[in-house]
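J.: Just so we're on the same page, our numbering is the position in the sequence shown counted from 1, plus 48. Each residue gets a CB set at the ideal place from its N, CA and C atoms; glycine is no exception. Just so it is clear, the structure is predicted and the values come from calculations on it, not from any experiment.
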Amino acid sequence: MSSDKELCILGWKYQFGIDVEKDLEKAFDFYKQAADLGDAEGMFQIAEFYHLGIHVKKDRNKAFECFQKSASTGFEMGIS
């Protein structure tokens with residue numbers, strides 16, 4: 049089992065194709081796993097996917113909810 053931070057790193061690698069083939073579905077899944085473990089950055093990345101419509105249907109309400117959860121942990125990017 050990977051830690052929440054390791055899952056975020058994997059999400060980032062798959063989102064941007066770093067050392068792996070770019071795969072937005074895998075990126076979203078890794079971020080989601082991290083978020084489910086309570087990782088604020090993972091939740092922030094999920095919010096970005098919903099906000100921008102990356103691999104998922106754009107949903108500003110879901111994005112706002114995820115940004116709020118991220119910000120509630122003190123994650124600075126989620127606050128702004």
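1. Since D67 and K61 are thought to touch, with beta carbons under 8 Å apart, how far apart are those beta carbons, to the nearest angstrom?
2. Just checking my contact of A95 with S120 at CB under 8 Å: how many whole Å lie between their CB atoms?
3. For Q81, which residues in the same chain have their Cβ closer than 6 Å to its Cβ, ignoring the five residues on either side in sequence?
4. Sort H103, L58, D87, I102 by Cα distance to G122 and report the nearest one.
5. Measure the C-alpha to C-alpha separation of M91 and E69 and round it to an integer number of angstroms.
6. Can you list, in chain order, the residues of its chain whose CB lies under 6 Å from that of L85, leaving out five sequence neighbours each side?
T.: The structure says:
1. Against the sequence shown, residue 67 aligns to sequence position 19. Against the sequence shown, residue 61 aligns to sequence position 13. With 8 Å as the limit, D67 and K61 qualify as a contact, their Cβ atoms being about 6 Å apart.
2. By 1-based counting over the sequence shown, the position of residue 95 is 47. By 1-based counting over the sequence shown, the position of residue 120 is 72. Their Cβ separation, rounded to whole angstroms, is 12 Å, which puts A95 and S120 out of contact at 8 Å.
3. Along the sequence shown, one-based indexing puts residue 81 at 33. Once the five neighbours on either side are set aside, the close Cβ partners of Q81 are L55.
4. If you number the sequence shown from 1, residue 122 lands on position 74. Residue D87 is the option with its Cα nearest to G122.
5. As a first step, residue 91 must be located in the sequence shown, where it is residue number 43. As a first step, residue 69 must be located in the sequence shown, where it is residue number 21. Answer to the nearest angstrom: the Cα atoms are 23 Å apart.
6. Residue numbering aside, residue 85 sits at position 37 when the sequence shown is read from its first letter. These residues qualify, in order along the chain: D52.
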